[in-house]
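Per our numbering, the very first residue in the sequence shown carries number -2; after that it's consecutive.
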Amino acid sequence: MVDAHVHIDQYEQATLDQVIGQIEDHRITTLCVATDQDSYTRTCEIALRSDLLIPAFGIHPWYAHRADLHSRETEISLARSPVIGEAGLDHCWVDDDDGQYERQKQVFTYLCEYAAAERKPMNIHTKGAERQVLDILRSVGNDQVTVHWYSGPITLLRGYLDAGCFFTLGVELLQSPLIREVLRYLPADRILLETDNPGGYQWLYGRIGMPDDIFPVCAEAARIRGVDIEAFTEQLQLNWRASLQGVEL
C-alpha cells in the first residue's frame, strides 16, 4: 500500500511510535510532505526511523508569505528532496491580505520551474485556485505532478489529466459525493490514495488520523469503481511508480 500524502511531522512525539509501527506492520510506503523548512527538517529526522518514509520538501501556500526561496538552506533542501511538496495555491482558506495570493503565485511558480528543470515530481495543493494552478502548470510545462485532495470543478479535470497529472483520493471519499464523482471520472491509471494524516481524518471525523485509515479508503474506492480490491491495489502500485517516472527514492 502507498499513502501518497502525509504530514508525519505534525504527529505528537508520544504518538509516533504507534504511527511508525502501523506503517511497518502494514508495509505502507508513505510520502511525507513538508510545509516549510522547519517542517522538512523534522520530517527528515523522523524518516530515519523507517525506510518506508519518503521525506519531501515543500512550501505550503499558507506559509508562502514567509518563505526565503534563495536561502542556502532552501537550496540544499530542494536538491536533497526527491519530490517537491506540498506546494501550490490556496484561495479558499487564505485571504488576500498584503498581496498573499501574488506571493503564493511567486513561490509556487518558482518551485514548479525548479521541479521541471530538475525532473522532480511535485505534490500540490489547489484549493480554491484550481484554474490558476492549472495555468501555471501549463505555462511551466510540468508533467510530473500529483494533485492532492482535489475538490474543485469537475470541468477542470480534463485539463489536469491532459497535463499528465495524477490525483490522490483520501478519507473524504468515505462521505463526499463530490470526491466520489472525481473518483468515477478519473482513468484507472491516474489514481493514488492518501490520508493527509494526521489532520485530514481529524478535521472530518474528530480523531487523529492513523496510517491504517488508508485501508477503508482503498476498500471504498474499489467498491465505487466496481473492481476487485486486489486488482485495484495492484493498479495503485503501478500508478505510484508511474507518478515518480523513474525517480530514485
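Cβ coordinates follow ideal geometry from the N, Cα and C atoms, glycine included.
Classify residue i as buried or exposed, calling it buried when 16 or more other Cβ atoms lie within 10 Å of its own Cβ.
i: residue 147; result: buried
i: residue 172; result: exposed
i: residue 138; result: exposed
i: residue 10; result: exposed
i: residue 234; result: exposed
For a test of the three-state rule: what should DSSP assign to residue i, helix, strand or coil?
i: residue 57; result: coil
i: residue 62; result: helix
i: residue 244; result: coil
i: residue 2; result: strand
i: residue 9; result: coil
i: residue 41; result: helix
i: residue 191; result: coil
i: residue 20; result: helix
Roughly how many angstroms lie between the CA atoms of residue i and residue j, to the nearest whole one?
i: residue 40; j: residue 28; result: 10 Å
i: residue 17; j: residue 36; result: 18 Å
i: residue 53; j: residue 214; result: 23 Å
i: residue 98; j: residue 225; result: 43 Å
i: residue 211; j: residue 4; result: 14 Å
i: residue 242; j: residue 142; result: 10 Å
Please look up how many angstroms separate the CB atoms of residue i and residue j, rounded, as I've assumed it's under 8 Å.
i: residue 81; j: residue 107; result: Not really, about 10 Å apart at Cβ, beyond 8 Å.
i: residue 166; j: residue 127; result: That belief does not hold up - the Cβ atoms of residue 166 and residue 127 are roughly 16 Å apart, past 8 Å.
i: residue 32; j: residue 205; result: Wrong, their Cβ atoms sit about 18 Å apart, outside the cutoff.
i: residue 58; j: residue 101; result: 5 Å
Which runs of the beta strand (DSSP E), 3 residues or longer, sit entirely within the region 95 to 175?
119 to 122, 142 to 144 and 163 to 166
Just to confirm the assignment: which complete alpha helix (DSSP H) runs, minimum length 4, are found wholly within the region 215 to 245?
226 to 241
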